[in-house]
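Working notes, structure below.
There are 6 protein chains.
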Amino acid sequence: MKTVAVKKIERADAGLAEQLGQCGASTVHEAQGRTGLLKSYMRPIYPGARIGGTAVTVLAHPGDNWMVHVAMELCQPGDVLVVACTSDNTDGFFGDLLATSAQARGVKGLVIDAGVRDLVDLQAMQFPVWSRAVSSQGTVKNTPGAVNVPVICAGELIFPGDVIVADDDGVCVVTRKQAEAALKASEARIAREDTIRDRLAAGELGLDIYHMREGLASTGFDYVENLDELGSFNGIDCKNRD
Amino acid sequence: MKTVAVKKIERADAGLAEQLGQCGASTVHEAQGRTGLLKSYMRPIYPGARIGGTAVTVLAHPGDNWMVHVAMELCQPGDVLVVACTSDNTDGFFGDLLATSAQARGVKGLVIDAGVRDLVDLQAMQFPVWSRAVSSQGTVKNTPGAVNVPVICAGELIFPGDVIVADDDGVCVVTRKQAEAALKASEARIAREDTIRDRLAAGELGLDIYHMREGLASTGFDYVENLDELGSFNGIDCKNRD
Amino acid sequence: MKTVAVKKIERADAGLAEQLGQCGASTVHEAQGRTGLLKSYMRPIYPGARIGGTAVTVLAHPGDNWMVHVAMELCQPGDVLVVACTSDNTDGFFGDLLATSAQARGVKGLVIDAGVRDLVDLQAMQFPVWSRAVSSQGTVKNTPGAVNVPVICAGELIFPGDVIVADDDGVCVVTRKQAEAALKASEARIAREDTIRDRLAAGELGLDIYHMREGLASTGFDYVENLDELGSFNGIDCKNRD
Amino acid sequence: MKTVAVKKIERADAGLAEQLGQCGASTVHEAQGRTGLLKSYMRPIYPGARIGGTAVTVLAHPGDNWMVHVAMELCQPGDVLVVACTSDNTDGFFGDLLATSAQARGVKGLVIDAGVRDLVDLQAMQFPVWSRAVSSQGTVKNTPGAVNVPVICAGELIFPGDVIVADDDGVCVVTRKQAEAALKASEARIAREDTIRDRLAAGELGLDIYHMREGLASTGFDYVENLDELGSFNGIDCKNRD
Amino acid sequence: MKTVAVKKIERADAGLAEQLGQCGASTVHEAQGRTGLLKSYMRPIYPGARIGGTAVTVLAHPGDNWMVHVAMELCQPGDVLVVACTSDNTDGFFGDLLATSAQARGVKGLVIDAGVRDLVDLQAMQFPVWSRAVSSQGTVKNTPGAVNVPVICAGELIFPGDVIVADDDGVCVVTRKQAEAALKASEARIAREDTIRDRLAAGELGLDIYHMREGLASTGFDYVENLDELGSFNGIDCKNRD
Amino acid sequence: MKTVAVKKIERADAGLAEQLGQCGASTVHEAQGRTGLLKSYMRPIYPGARIGGTAVTVLAHPGDNWMVHVAMELCQPGDVLVVACTSDNTDGFFGDLLATSAQARGVKGLVIDAGVRDLVDLQAMQFPVWSRAVSSQGTVKNTPGAVNVPVICAGELIFPGDVIVADDDGVCVVTRKQAEAALKASEARIAREDTIRDRLAAGELGLDIYHMREGLASTGFDYVENLDELGSFNGIDCKNRD
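Protein chains in written order, with the numbering used here: chain W, 51 to 292; chain D, 51 to 292; chain C, 51 to 292; chain B, 51 to 292; chain S, 51 to 292; chain R, 51 to 292.
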């Protein structure tokens, strides 16, 4: 692969990114048609963080965080660092020093398909990270990768400048061009859900609100009165439970 | 398999379920002879919750939460939703809307061998969940499964109406018929442990309290004075550590 | 293997162990040349604990915690229990009773390549644990193992008397003989990082502080102005993102 | 749990078991309504074996194969040993000696949710095994479990006397009472598939044979001429591939 | 996401695809700059197959193989079916009937980030498959996905018409536009390696052939005469091994 | 860590190593007291290989096979290359060129806690490998590690010169000093097992040969006549199976 850094990238609008962040990963993922979600092994290092920012991307060699330093110079306020790795790796690519540097440049957080360390410091600094692992394992600076190139991170294609939305549910990517539409759809979804939430809280059922009963019956799905009537299920005798 | 919902189930006594919940998963698991424990990958989405309730069971198709809606109608106050899946899946079957509906019906929590989302909301609502994953991934409503049938969830057979005990240690199932005996045994265990705890806190050793020394010696287990006397262990020279 | 317990072990200096604990796992791991780190699947059961103590080691049979009771008698104030298993196992070897006993003897915490239970109690007691799993699953006392022998725990060789450093980042072992040098190197690293942190906070870049630019260029690493200039990367057209 | 062995069990008809074995795990699983399949981590130790027999079940403690010896005495020609474990374990519970004993008693094979060893011998003897692991790790005989009780093995409930069908695709259980119906359904499925296979081989499409086109269209599924017409998909520009 | 099938795709040249297949996944991956490799969990169902063909892509819902039927109609001789899934799934999407249909249309093989079944038949038919799992688990035909769209399969972006190279080492993708260059680079690499292989077989060392000694020394890498001179390594006393 | 290679190592006797190899991993592991076994994820790349040789050890950085080249120069006929990695990694460190070099120097095989590639060639050359993964992923030569130092590979401590025994069951290490005793114990075990095998083949039971009945009874283990007598087990009604 080319070992290269791209200096200037077109970023999604910062306001859109921030607002998408407020909508949250699950809402945005749904609103853009159930797309953009990174694998569920990407977990936050502490609960409660919620960010929306623009991606500065890194493709790194396993056990080597050189490219993170290169990327730092290219970060701007509102960015989110996104680190992919050429093969599965859990080493601690990033800790409190890099987080200090990142915060000095206005970076909102880190999404890394590898490991991170200095958790106590990162939480004290309120610098959020979504990672596949926590590990003290140190990294070297010997093998170049690439910065601000399209990467596949935790199963999703991410371009530099895309919007990254991350919270306790996980991480979702929105492309720069789709950011506005995704926000509109997210807000519509939130409004729609607010209404439904009220109805559910009042005791209405999803079965009725979403008109599911007919479709269900048409599949042959059936109701029986009790386990005695059912008799058995998947080879398990339902009539007798000790 | 039959695609069916069972309307009326016999539930374990609500008071017993509540009291078993207070005993906790580890105590109840031990008290009923080290049985009933779900696989340890089932983890709470936030710490500190402790519930005991009666199971309303769901068997779902991967990536499809239709049956959760069907189950909701059959839930009563004091129930715990238990969702099993026909194959391993981590999608986000359940979020804040379903939790709103569940709370409106008095459901105490969710145990799901799949994923869950809207973590911030669920914690704010104090609606506890034990799951194998957290994921924003949306689900469809196209393939029927079954509700209130016996299911195998995270390695344990669960009947509708069984007691579900869940806390930070994990999830344990108690059958309806055994609930009373399990509670009695749990309370006896707690009382017994209270005494032992005092003795341990005062410096007594388990070796003495449980009379282990003789049995140990009878296996040929031996004491040596120090590592020099041991010489080596499993091919490792014990006398030299750098 | 020999089933044996070693009664007297030489422990690292308690003060050194305590101070190494304050330095933290990541710093100590780096300071001693990126060595001593246990596998990253070893995670704390609650956040915020930070300990440094001397190892009392256990080699246990899967599903059998007999040796933990034997080890308890050999523990002294300042020790950390380290439990390895002859094969991969997640059962709940340790709970609040054993923790009570351990605290009565001045044990600082537990590092176990297996499971643990009674999480709520352990956190209330402030007895920290690093484990591969949380599980209520009960264990037996039938098969002897060994105590205070060299063990391989989560991928690292640990001798009784070694220093165990553990915090939210993970667990690191320092040999007794290297404890003093490791502390000196750790303190030097902390001092050095303090200076660098200030420079990074002021906006300087790692690229400059660590003089990376030349080395980078010498590898053939290159900068391009933008994605149009890059053209494509790893078969992905960089000029078009929808 | 009770530590007990059940001496006499009612077995499914041997002829039915044998014939179900010839149908294979995938066919039988489908024929009985997509039920009975053990988790897919259960893999054969060598390719090409295909068996159908009656289950003699074992519930073992991790790292302890005592119960396998107890079970052996209760085996009859045509049986399949089924070993479940009280917690996840990969130790080598079974090797060429136990296989010799098993073959001497007419046992057709082993299904074990743990490890196995002596692979070269087992293959030479043509004694097939489906397991979660291969491991030399030796086991002890210290902790009793149970024999010929209902067990949950690799996610499925298995009763002694049930039919076990296993081949390169995996392992499926059929209950004794359902064996005849399952065979009938399996044979019908095979016959039906033979016809369909001929049509597919002749170039007909599943879309037409199964009349899927209408259902597909009714979901809103659409055809476009080419990638240019599609434009983009999931945020990926389809018109440009480098 | 859009539920759609693209009818006409531009395929890489069939001859190039075939020749790339003969070069093998490892060579092609290296020749195109260490890119294009799918995750290593993608394994062949039987050893010895080696294919190169053009991708017809599928994006499927977990547990639902409807789209495979849709894709079949769009396959041509020389194609390779590539199936990605919207979330991790191991169900048996594909068996001997679909393989019969595929062979009738000239399809060379299947690459699927999910499960496959009927292994004995597939091997007898010599229809090779690379998958993440083997499983009998049946699938439904209820939820539409997409066909001939760009997909991310096992961590790599694959466009319809791309070249798929697969053998016992794994699966590699080459874009249509890069196929010719990749073949040239692969053949050059093979020729270069033939020469080196002869020299290595004759006893020359990679250290000399690749001129590594100087670079090695410049890193500070050192030679010592024996373990006594080394003294200790990573806290392990090298002078004493029992 | 020190980046260093040790030039001269003391090797276990070649004849002992060869004979231990013939005994096989399971026998040797048992004979030396159930020790020395590497984790069970280490699997052979093709079935049927069986080797015993002396270890030349490598500690490598993830994604970097430089040290394998350094090790090659230090290999002698009868050696087995043993490669450990500073963190979990699956890249393809070794392929047919390195195997050619290794065979030219008389190396018997490779044990690597990482990935390997060129499987077809390695099998054709009859160069056996035990690895955690198969992967085409290329590696670099940028970061030095160490050669002929003590390493922890797949959970076991291995010194250069130790005996490595590997076959289809897995990999076992025997220390140089214990090689002779281990062989004697292995041969005794084989002889003992030959006798037992004959008795088992003749229909005797392990229960009798090993005199287990009394010990079993003393634990309280019991026999019941049938499932009706048992009544229920682990909350499952034994009297009714559908």
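For every residue, glycine included, the Cβ atom is placed at its ideal position computed from N, Cα and C.
query	result
Cross-chain neighbours of D/R226 in chain W, by beta carbon under 7 angstroms	R291
Proximity to W/G71 [Cα-Cα], best of W/K57, W/A229 and W/G165	W/A229
Proximal chain C residues relative to S/I286, where beta-carbon distance stays under 7 angstroms	L207
Contact check, R/G159 vs R/A64, beta carbons under 8 angstroms	no
Bounding residues of the beta strand (DSSP E) (the contiguous stretch that carries B/S90)	Here B/S90 belongs to no beta strand (DSSP E), and DSSP marks it neither H nor E.
Residue closest to R/D212, alpha-carbon to alpha-carbon, out of R/L124, R/K191, R/V56 and R/A62	R/A62
Beta-carbon proximity check, D/G142 vs D/G195, cutoff 8 angstroms	no
Three-state secondary structure assigned by DSSP to W/D63	coil
Residues of the segment 158 to 175 of chain W with Cβ closer than 7 angstroms to any Cβ of chain C, in chain order	G165, R167, D168, L169 and V170
W/V60 classed as buried or exposed, judged by whether at least 16 other C-beta atoms fall within 10 angstroms	The sequence given here has Glu at residue 60 of chain W, not Val. W/E60 comes out exposed.
Buried or exposed by the 16-neighbour rule on C-beta atoms within 10 Å, applied to C/Q176	exposed
B/G265 versus S/C203 - alpha carbon distance	27 angstroms
Cβ pair S/R182, S/Y91 closer than 8 angstroms	yes
Where the beta strand (DSSP E) through D/D217 begins and ends	V213 to D217
Chain D contact residues for B/R84, given Cβ-Cβ distances below 8 angstroms	M51 and T136
Assumed close pair S/A121, S/V197 - CB separation to whole angstroms, cut-off 8 angstroms	5 angstroms
Rounded distance between the beta-carbons of C/S268 and D/D219, thought under 8 angstroms	No, D/D219 and C/S268 are not in contact; Cβ-Cβ is about 55 angstroms, not under 8 angstroms.
At least three beta-carbon pairs within less than 8 angstroms, the segment 253 to 260 of chain C to the segment 102 to 121 of chain C	no
Reduced DSSP category for C/V118 - H, G, I as helix; E, B as strand; rest coil	helix
Beta bridge counterpart(s) of W/P274 as assigned by DSSP	The sequence as given places Val at residue 274 of chain W; Pro does not occur at that position. Answer is D/V56.
Chain-ordered neighbours of W/N192 on chain R, where CB pairs are closer than 7 angstroms	N192 and T193
Sufficient close CB pairs (3 or more, under 8 angstroms) joining the segment 272 to 288 of chain S to the segment 52 to 59 of chain R	yes
Cβ of W/E123 within 8 angstroms of any chain C Cβ	yes
B/A154 beta carbon less than 8 angstroms from that of R/L250	yes
For B/L88 and D/L207, the rounded distance between their alpha carbons	14 angstroms
S/V161 versus S/N139 - alpha carbon distance	14 angstroms
Spatial distance of R/D163 from R/C222 (CA atoms)	14 angstroms
Distance between D/C125 and D/V201 (C-alpha atoms, nearest Å)	17 angstroms
C-beta contact flag for W/P210 and W/V130 at 8 angstroms	no
Extent of the continuous alpha helix (DSSP H) run through W/E206	Looking at the DSSP string, W/E206 is not in any alpha helix (DSSP H); the run it does join, the beta strand (DSSP E), is E206 to I208.
Contacts that S/I202 makes with chain W (C-beta to C-beta distance below 8 angstroms)	I202, G205, E206 and L207
Same chain, Cβ closer than 7 angstroms to D/A232, neighbours up to 5 away in sequence not counted	L70, V78, A81, Q82 and V224
Neighbour flag for S/V184 against chain R, beta carbons, 8 angstroms	no
Short CB-CB distance (under 8 angstroms) between W/F46 and chain D	There is no way to answer for residue 46 of chain W, as the model of chain W reaches only from 51 to 292.
Separation of R/I259 from D/R93, as counted between CA atoms	45 angstroms
Near-chain E residues of the segment 103 to 119 of chain B - C-beta to any C-beta below 9 angstroms	Looking at the structure shown, chain E is missing, and the protein chains on hand are W, D, C, B, S and R.
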